[in-house]
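In the working numbering, the protein residues as written are 466 to 690.
Using N, Cα and C, we set each Cβ at its ideal position, and we do this for glycine too.
Treat the numbers as computed from the prediction; the structure is a model and nothing was measured.
Take a look at the structure below.
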Ligand SMILES: Cc1cc2nc3c(=O)[nH]c(=O)nc-3n(C[C@H](O)[C@H](O)[C@H](O)COP(=O)(O)OP(=O)(O)OC[C@H]3O[C@@H](n4cnc5c(N)ncnc54)[C@H](O)[C@@H]3O)c2cc1C
C-alpha cells in the first residue's frame, strides 16, 4: 500500500510522529506493526526497509510511526525525517500478535523508552472502546524526558483499571519489581531495545511464565536503557 505523509509532530527532542493517509482503507489491531519501504539513494547497509509499530489506534484512521531520529541516524531515518507533507512511503501489513487477548484478565506491560509505541496504541484503543481490561504499565526511561507521559497520566486518571509507574534514570526497573506480578492469570508484554527485552524474556520464562502468557516486541538498533 502507499502511504502519504499528512502530518509530522515533534513529541520530544529527537522523537517525531509521522502520520500517514493510506491509498486504501487499512484495518489493524492496536499493537500491530507495518513493514515500510522507503526508496532513497546512497542507502547504508541497514537498507531501505524497517518495521514500525502503528502508534495510533484504529479509530484514529491514519497509521502513524513514532520514532527516534538523532545525529548519526541511518539513511532510512534521515530520509524519513526529510519527507515532506505529501511525500510517500510504501508499506506491507499489518501484522503481529502484540495485541490484547480477549481472555486476558491481568496485563503487565513493560516498556523501555521508545518501546512504549505499541502500548500507547493499545491504551488509546481501550480508552476509545471503554474496555475494562486490567493493565499495569511499568515504564523505564533513561531520563525524565518521557514519551507520551502526559497522555499516559491522563489515561490512568480516567481509567481505574489502568495504572502506570515510571522508572527513570537511576531508579531502574528491577526484576524483583516485576516478580510480584507473576501469576497464572497475568500476561506479560515486553517492548523496547533488544537487550532489555532479552533480559526480561529470560527472567520471566525462568520464573514460570509460559509462551501464551508472554508477548515480546524486540526493537533492534536501540541500546539498553
Ligand atoms: C515489530 C517491531 C516494531 C518496531 N516498532 C518501532 C517503533 O515504533 N519505533 C521505533 O523507533 N522503532 C521500532 N522498531 C525498531 C525499528 O525497526 C528500527 O530497528 C530502529 O528504529 C532502529 O532504526 P535504524 O536501524 O534506522 O537505526 P537508527 O535508530 O538510526 O540508529 C542509529 C545507528 O544505530 C546502528 N544500528 C541500528 N540498528 C542496528 C542493528 N540492528 N545492529 C547494529 N547496529 C544498528 C546503525 O549504525 C544506525 O546508524 C520496531 C521493530 C520491530 C521488529
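By the criterion of a C-beta distance shorter than 8 Å, residue 670 is surrounded in its chain by 679, once the five residues flanking it on both sides are discounted.
Contact annotation: residue 651 and residue 573 have beta-carbon atoms nearer than 7 Å.
For residue 587, the enclosing alpha helix (DSSP H) covers residues 582 to 594. Bridge pairing for residue 484: 472 and 529 [DSSP].
Residue 611 has its CB no nearer than 6 Å to any heavy atom of ligand 1. Per DSSP, reduced to three states, the secondary structure at residue 631 is strand.
Apart from sequence neighbours up to five positions away, the residues of its chain that approach residue 632 with a beta-carbon distance below 6 Å are 605 and 638, ordered along the chain.
Its chain contains 640 as the residues whose beta carbon lies nearer than 6 Å to that of residue 668, once the 5 sequence neighbours on both sides are disregarded; these appear in chain order. Look at residue 579: its beta carbon is less than 6 Å from one of the heavy atoms in ligand 1. Between residue 480 and residue 472, the gap from beta carbon to beta carbon reaches 7 Å or more. Spatial neighbours of residue 654 in its own chain (CB-CB distance under 6 Å, excluding positions within 5 residues in sequence) are listed in chain order as 574 and 680.
Look at residue 542 here: in three-state DSSP terms it is helix.
Distances from the CA of residue 551 to each of 474, 533 and 486 were compared; the closest alpha carbon is that of 486. For residue 663, the enclosing alpha helix (DSSP H) stretches over residues 659 to 671.
The region 518 to 526 makes no contact with the region 539 to 548: fewer than 3 CB pairs, one atom from each, lie closer than 8 Å.
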